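Each protein sequence line maps, in turn, to chains A and B.
Counting along the first sequence from 1, when you hit position 97 you're at 104 in the numbering used here, and nothing is skipped either side.
Counting along the second sequence from 1, when you hit position 144 you're at 386 in the numbering used here, and nothing is skipped either side.
What follows is a single structure, written as structure tokens, with notes after it.
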Amino acid sequence: MSKPEKVVKGVKFGVLSPEMIRRMSVTAIVTPEVYDENGIPIEGGVMDPRLGVIEPGQRCATCGNTLAQCPGHFGHLELAKPVIHIGYVKHIYMLLKATCRSCNRVKIPEEDVVKYRDLYRRLRERWPQLASSMVEFIRQRASKALECPHCKARQFRVRLEKPATFIEEGGRGKLYPDVIKQWLSNIPSSDLEVLGLDPEVARPEWMIINVLPIPPIAVRPSIVLETGMRAEDDLTHKLVDIIRANEKLKEALNSGAPEIIVEDLWELLQYHVMTFIDNELPGVPVAKRRSGMPLKTLAQRLKGKEGRFRGNLSGKRVDFSARTVISPDPNLDVNEVGVPYEVAMTLTVPEHVTPWNIDRMREYVLNGPYKWPGANYVVDPSGRRLDLRYVKDRKALAEGLKPGYVVERHLVNGDVVLFNRQPSLHRMSIMAHRVRVLPGKTFRLHLAVCPPYNADFDGDEMNLHVPQTVEARAEAEELLLVEKQILSPRYGGPIIGGIQDYISGGYLLTLKTTILTKDQVSDLLATIDYSGEIPEPAILSPVEAWTGKQVFSLLLPEDFNFIGETKLSSGSLKCTSEECFWDTLLIVKKGKILAGTVDKTVIGSQQPKSLMHYLIMEKGVKFGAEFMNKAFKLFLRYIEMVGLTMTLDDIGPKRSALESAVKVIKNSYSEVDKLIEMYRAGQLEPVPGRTLSETLEIRILDVLARARDESGATVVEYMSLANPVYVMARTGARGSGLNITQMSVVLGQQSVRGERIWRGYRGRVLPHYRHGDLSPEARGFVASSFYKGLSPLEVFFHAAGGREGLVDTAVRTSQSGYMQRRLINALQDLYVEYDMSVRSPYGELVQFRYGEDSVDPRKTAFGKAVDIDRIIVKNMGWRMSL
Amino acid sequence: MSEKSEKSSTSGKRHSRRKKPSSVEEVRRAVVEPGELVDRLIEEQGLRQRLPPVLVSSVRSLILKKYGARPDELEIRREFEILAKVAQRIHAAMEPAQKIVPKAIVDEVLFKLMDTAYRYSLTDEEIARIREDVVQSYLRALVEPGEPVGTVAAQSIGEPSTQMTLRTFHFAGVRELNVTLGLPRLIELVDAKQKPETPIMEIYLTEEHKHDLKAALEVARRLEHTSLEAVTASAEVDLITESVIVRLDKDMLEDKGLTVEDVVNALSRERSLAGRVRVDESDPLVLAVEVPKAYSHITKILRFRELILKTRIKGVRGIRKVILQRRYDPSAGKHEYVLLTEGSNLAEVLALPQVDHRRTRTNDVHEIERVLGIEAARQALINEIMNTLREQGLEVDVRHVMLVADLMTWSGIVRQIGRHGIVGEKRSVLARAAFEITAKQLFDASASGEFDSLRGVTENLVIGQLMPFGTSMVELKTSPQQLARGGDAK
């Protein structure tokens with residue numbers, strides 16, 4: 008705390024000069040030998056002990072530190088002949104083209120150079136994009152000059168032969184790296200600036216390597232296998248190759264070998280240095296290990312998803328985390344997460360000992376690491392960590408605790424932790440929960456938080472992280488707690504709310520016909536720890552009885568008014584007035600439900616402008632979370648009392664209904680037959696822009712889709728709200744009308760790529776059909792229902808159609824994942840300034856006012872900052888009537 | 243508005259001619275034009291001077307709703323008195339809110355309040371409470387400075403896209419047209435692809451043409467790109483006379499509304515063909531096109547045939563297919579004809595006099611940028627993204643989409659979200675390196691001696707520091723220890 012915080016203000020990039028490399032170096036590497044016969048690293052070899060420590064306990068020969076402290080040290084290798092740094096080939100090529108071959112100045116007249124330099128300097132800070140376009144223009148202009156404007160020398164075309172050979176056509180022919188180095192070092196610094204280079208930190212001659220830095224051992228540690236064999240890192244292998252090639256070249260030069268041999272060896276050195284830097288160069292054979300695996304060299308370490316940048320710097324592995332399977336627990340609060348004892352006893356929270364918690368801390372220390380709630384470590388004021396597993400006398404340690412100590416105690420009830428399910432697509436994928444330590448081996452969560460995590464319990468696993476500082480805990484509690492995330496920033500509405508049985512339960516409880524005895528009411532109210540008065544019974548005689556609406560109303564604030572349609576209110580059950588028989592218009596006045604039931608559009612998740620949404624907006628998220636806790640427990644308790652299940656009979660259609668449904672399908676078959684006949688006779692009128700057969704397919708699909716909907720409707724029509732399946736579909740708890748149709752009447756047309764299924768044998772899908780059979784059943788129309796059961800052929804079609812769905816999801820996730828990564832990368836730096844403008848961190852204005860009205864979508868009612876209809880109902884709904 | 247005042251002024255004249263009624267009975271019996279009466283009352287009482295326009299028009303419409311069919315001057319006058327008073331009351335009560343809440347919202351509030359007051363009557367207390375709620379809910383809805391709206395927008399668009407279908411094609415109302423929808427379309431939009439996979443235009447016609455099937459068909463014919471091939475029954479190469487003999491298809495000519503003469507003229511417009519097209523004397527449907535010197539070699543003569551078959555006879559370049567659709571126009575209250583086209587050419591279509599250039603649209607964002615400018619392109623992006631999402635039943639607030647569109651267009655050109663656009667042009671080396679093509683970014687950065695000033699998210703994450711947004715945006719810090727010691731807190 009008292010240490011002043013060090014802040015990195017910036018990172019400057021540049022190229023190392025040979026002098027710098029030598030100065031950084033602790034030793035020159037001179038031999039390709041690595042170890043002597045005894046397995047001791049040879050001095051002057053690539054594993055020279057001065058380059059850093061690899062084994063714990065050792066002390067560094069250079070800095071004297073141990074493994075944890077020693078950062079490692081660079082060495083250097085003097086190359087017999089310079090080679091081109093493959094990463095800078097493009098830059099070198101540009102310079103060779105843009106500068107004069109004899110005076111080595113940029114091929115632009117002096118006055119223009121001055122002008123450009125001036126302009127470039129001004130652009131560079133404010134308009135980097137323009138500056139780089141300008142540099143591009145200058146480069147091209149300079150490259151075009153056939154004669155140097157300074158020395159008037161004639162220019163030749165320089166050609167780059169990949170990967171790193173430069174050829175001056177008609178001039179000197181092949182340009183060797185030493186020649187190029189000479190050329191580049193002659194380019195005046197003032198000229199380099201207009202070519203977009205920074206001569207201060209990146210002189211072009213430095214892009215030709217004649218001294219190679221040897222990375223510290225810490226970067227390329229060798230591993231000792233179980234067999235006792237040493238396995239060296241890929242980089243070390245590559246370095247040995249380089250040194251060997253270098254030695255050979257040196258020898259050849261010293262012995263005055265013929266030019267061809269020298270050139271070959273030089274080329275080899277170039278190859279090794281190139282692949283040391285990047286082993287995936289186009290046109291260059293990949294350097295391989297003996298096993299045939301390509302070597303992972305410098306560029307490969309940085310690149311890609313598992314590379315240094317994306318794998319270690321943008322995403323890091325962390326301590327204080329746990330992962331296990333999740334399962335539901337309706338008895339938890341929405342804010343809570345159930346944590347197994349084992350996890351709670353492994354993860355710790357550092358807690359400073361104070362006079363106020365010292366007794367508790369002593370208790371934890373006394374309990375030790377194996378008894379919950381205990382502690383795993385104690386840090387004394389000198390910073391020494393005591394592992395309680397090995398502390399003999401915990402009692403003494405506990406006695407000795409005093410302010411200044413830190414106890415790393417077990418996770419206890421009420422601790423705040425972060426809970427996460429991948430893929431983390433939005434911020435609700437990581438929310439803070441309060442810990443509830445429970446027996447069992449799974450994480451337990453409230454069902455209402457499934458939608459934001461997109462979780463189910465078919466084996467999903469989730470991660471848990473324990474914040475370690477007070478700041479982190481405070482932020483987690485204030486910003487990330489589940490209740491603070493109920494309202495989604497995507498649209499103005501709650502993303503957490505009732506699902507499935509909560510919805511059916513709410514409906515059943517608030518049904519007009521739900522009459523409860525005193526026992527039942529007491530039971531229900533006891534489950535939610537209700538402590539107020541029981542209201543006046545709705546029915547006084549022969550026995551006192553209450554309605555379900557009365558019970559639910561106890562959860563609503565007394566000044567709450569609400570009028571809204573329920574999910575049920577559609578089709579024949581539509582209600583538009585208070586007087587409506589179907590009871591599908593929800594009317595709440597002064598906190599009492601007067602009419603209507605509670606279903607998806609009232610308490611459901613992802614339902615903006617619902618009763619739940621307004622309750623949360625007006626009474627606060629804390630109230631909202633508490634309301635959910637209680638209401639949902641109430642609903643489940645009621646379901647437990649009355650039972651909610653389905654049997655096969657519930658989806659079995661009535662005989663009469665089925666008959667009419669079958670008739671509808673029969674009719675559609677003959678209609679299709681007629682179409683096919685017309686098509687065969689050439690009488691079918693083609694849809695403009697479609698071929699005749701396409702037209703036929705479109706028409707048939709139309710007819711069959713209509714047939715399915717109609718036949719489905721005839722059967723569903725006969726269903727009543729006494730049917731639990733129908734109740735679930737109508738209240739929005741689970742399933743849809745289409746699902747019911749498929750279960751009880753007809754599955755309908757199976758399709759692949761939006762077409763009727765036609766692949767398979769020539770002219771037919773399966774050998775059971777005639778060639779060219781266009782009839783519905785031959786092309787994937789499944790006339791059976793799940794209730795009736797599918798014939799083998801129908802099962803085949805159903806599987807073919809079903810497979811498309813699976814393939815689709817698999818493909819889609821990767822595509823949308825990449826799109827989201829790009830979106831995030833492009834947008835993540837934008838934020839709202841104090842003046843409500845949206846800016847990039849460089850002050851660039853993207854929007855003058857966020858969203859044109861500086862309104863946060865999360866705090867709106869479905870996009871509206873002021874929902875005047877609601878405000879009117881809120882204030883005077885108690886005396887409004889419809 | 244102008245229409246309304248016009249109506250009232252003409253009827254006003256009629257009214258002034260009438261004699262003054264002498265008794266109550268007569269007043270009742272007098273045929274009153276309610277609208278005109280209310281307008282007069284508004285005028286007399288100077289309502290427009292005292293009240294905002296919404297309230298005035300609300301008063302007017304409320305009276306007309308009730309008495310439009312039952313013109314009773316006395317009752318209307320009484321009702322007017324009451325409503326004017328109510329309006330006055332609401333106006334006065336809402337006054338303090340106007341300084342804080344934007345006008346558009348206040349207007350809506352006033353309108354709804356009038357309606358409510360009319361139906362249920364409102365006490366001053368209730369109006370005051372509603373006013374307080376309006377102000378409160380507006381202030382509460384404002385964004386907090388420091389909010390990372392970019393990330394939120396990206397997530398809000400990215401997350402639902404996982405739920406989108408991959409099915410590329412879908413028929414947009416008409417079976418004849420394929421339109422790219424769903425995830426592929428969304429990716430296409432954020433990619434700022436030069437040409438959409440399925441360019442579509444929706445062409446509205448001007449008042450004179452939109453209700454007339456014939457006229458609409460005529461426009462459709464003019465638009466549709468027709469090549470010689472489309473009206474040709476056969477085309478053969480005659481090696482002896484060195485010409486291509488084209489036999490035109492009579493039915494197709496009729497269908498496209500062309501004559502042989504049109505075809506000859508169109509062909510003759512081509513510079514290389516001028517004067518080389520002749521109509522066969524014996525059969526008016528047969529054309530002989532003489533092969534020019536450049537193509538006279540036997541190997542090239544077939545290429546020439548292909549070339550002339552591709553010649554545009556009429557239509558607009560790029561418009562491959564035109565489909566006529568009858569649509570309900572809610573503003574006019576009747577059906578109108580709308581042209582849907584496959585292929586897009588905004589500039590040329592807008593130039594046609596029969597086209598209503600205000601409503602005509604295309605789904606090609608780059609074309610909109612070229613023809614109408616960057617502001618239009620921004621709006622087009624917003625519309626297209628919103629439509630794509632909504633079509634899939636996914637609800638995303640416009641503000642998120644606006645931010646994406648603004649980021650793509652604020653530099654003056656439409657930039658892609660990705661390597662070749664916004665991300666690739668980021669100022670931070672580390673952020674670029676962490677996205678894609680890592681090694682190249684680092685080499686380039688070192689050569690030009692770039693300086694990363696670590697201001698964005700990725701850079702600070704890489705370095706291990708807090709990013710300067712949200713709770714970390716605050717730069718003012720106090721040191722409690724130093725304060726306790728009585729020193730300067732820095």
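Beta carbons are placed, not taken as given, at the ideal position from N, Cα and C, and that holds for glycine.
Predicted, not measured: the structure shown is a model, and the values here were computed from it.
(Q) Taking the alpha carbon of A:Gln507 as the reference point, which residue from A:Leu272, A:Thr816, A:Ala736 has its own alpha carbon closest? (A) A:Ala736
Q: Determine the direct distance from the alpha carbon of A:Val862 to that of A:Pro380, and round the result to whole angstroms.
A: 46 Å
Q. Excluding the five sequence neighbours on either side, which residues of its own chain have a C-beta within less than 6 Å of the C-beta of A:Leu153, listed in chain order?
A. Gln162
Q | Per-residue DSSP class, three states only, for B:His539 | A | coil
**Q.** Collapsed DSSP secondary structure at A:Ser896 in the structure displayed
**A.** Absent from the structure is residue 896 of chain A, since the part of chain A shown begins at 8 and ends at 889.
Q) Any Cβ of chain A within less than 9 Å of the Cβ of B:Arg464? A) no
Q. Between A:Gln162 and chain B, is there a C-beta pair that is closer than 9 Å?
A. no
Q: Output yes if chain B places a C-beta closer than 9 Å to the C-beta of A:Gln827; else output no.
A: yes
Q. Of all the CB atoms in chain A, is at least one closer than 9 Å to the CB of B:Arg427?
A. no
Q. Around the C-beta of A:Val422, are 16 or more other C-beta atoms found within 10 angstroms, so that it is buried, or is it exposed?
A. Reading off the sequence, residue 422 of chain A comes out as Asp, not Val. A:Asp422 is buried by the Cβ-count criterion.
Q.
Could you compute how far the alpha carbon of A:Tyr857 sits from the alpha carbon of A:Val413?
A. 45 Å
Q. When we look at the beta-carbon of B:Gln397 and count the other beta-carbons within 10 Å, is it buried (16 or more) or exposed?
A. buried
Q: Measure how close the beta-carbons of A:Leu302 and A:Asn286 come, nearest whole angstrom, since I'm counting them as under 8 Å.
A: 5 Å
Q | 9 Å Cβ cutoff, B:Ser393 in contact with chain A | A | It should be noted that the sequence gives Thr, not Ser, for residue 393 of chain B. For B:Thr393, the answer is yes, since a Cβ of chain A falls inside 9 Å of its Cβ.
Q) Where A:Ile600 and A:Asp467 are concerned, what is the direct C-alpha to C-alpha distance, given to the nearest angstrom? A) 38 Å
(Q) List, in chain order, every chain A residue whose beta-carbon is nearer than 9 Å to that of B:Gln707. (A) Val14, Val15
**Q.** Residue from A:Val595, A:Ile646, A:Tyr645, A:Arg644 with nearest C-alpha to A:Tyr621
**A.** A:Val595
Q. For A:Gln756, which residues does DSSP report across the bridge?
A. A:Phe788
Q) DSSP beta-bridge partners for A:Ile36? A) For A:Ile36, which the question treats as bridged, DSSP gives no partner whatsoever.
Q | Best match in A:Phe804, A:Gly177, A:Arg416, A:Asn338 for proximity to A:Val356 [C-alpha to C-alpha] | A | A:Arg416
Q. What is the DSSP secondary structure of A:Pro501, reduced to helix, strand or coil?
A. strand
Q: Compare the C-beta of B:Arg331 against all C-beta atoms of chain A and say whether one is closer than 9 Å.
A: no
Q) Whose C-beta lies closer than 8 Å to the C-beta of A:Thr282 among residues of the same chain, with five residues either side of it excluded? A) Lys245, Leu288, Val291, Val293, Ala294, Leu302, Thr304
Q: Excluding the 5 residues preceding and the 5 following B:Leu718 in the sequence, name in chain order all residues of the same chain whose CB lies nearer than 8 Å to its CB.
A: none
Q. Where does A:Phe569 fall in DSSP's three states?
A. strand
Q. Quick one: what's A:Val839 bridged to in DSSP?
A. A:Val845
Q) Hey, how far is the Cα of A:Leu655 from the Cα of A:Lys661? A) 13 Å
Q) Would the beta-carbon of B:Val301 fall within 9 Å of that of B:Leu289? A) yes
(Q) By the three-class DSSP mapping on this structure, what secondary structure does B:Lys435 have? (A) coil
Q. Excluding the five sequence neighbours on either side, which residues of its own chain have a C-beta within less than 6 Å of the C-beta of A:Glu143, listed in chain order?
A. none
Q. B:Pro733 by DSSP, collapsed to three states: which one?
A. Shown here, chain B extends from 243 to 732; a query on residue 733 of chain B therefore has no answer.
Q.
Looking at chain B, is there any beta carbon in it that lies within less than 9 Å of the beta carbon of A:Phe144?
A. no
Q: For A:Ile91, go through chain B and note every residue whose CB falls closer than 9 Å to its CB, in chain order.
A: Simply none; closest approach about 13 Å.
**Q.** Backbone CA spacing between B:Val665 and B:Thr680 [nearest angstrom]
**A.** 13 Å
(Q) Could you compute how far the alpha carbon of A:Ser663 sits from the alpha carbon of A:Gly512? (A) 31 Å
**Q.** Start-to-end residues for the alpha helix (DSSP H) that takes in A:Trp190
**A.** 184-193
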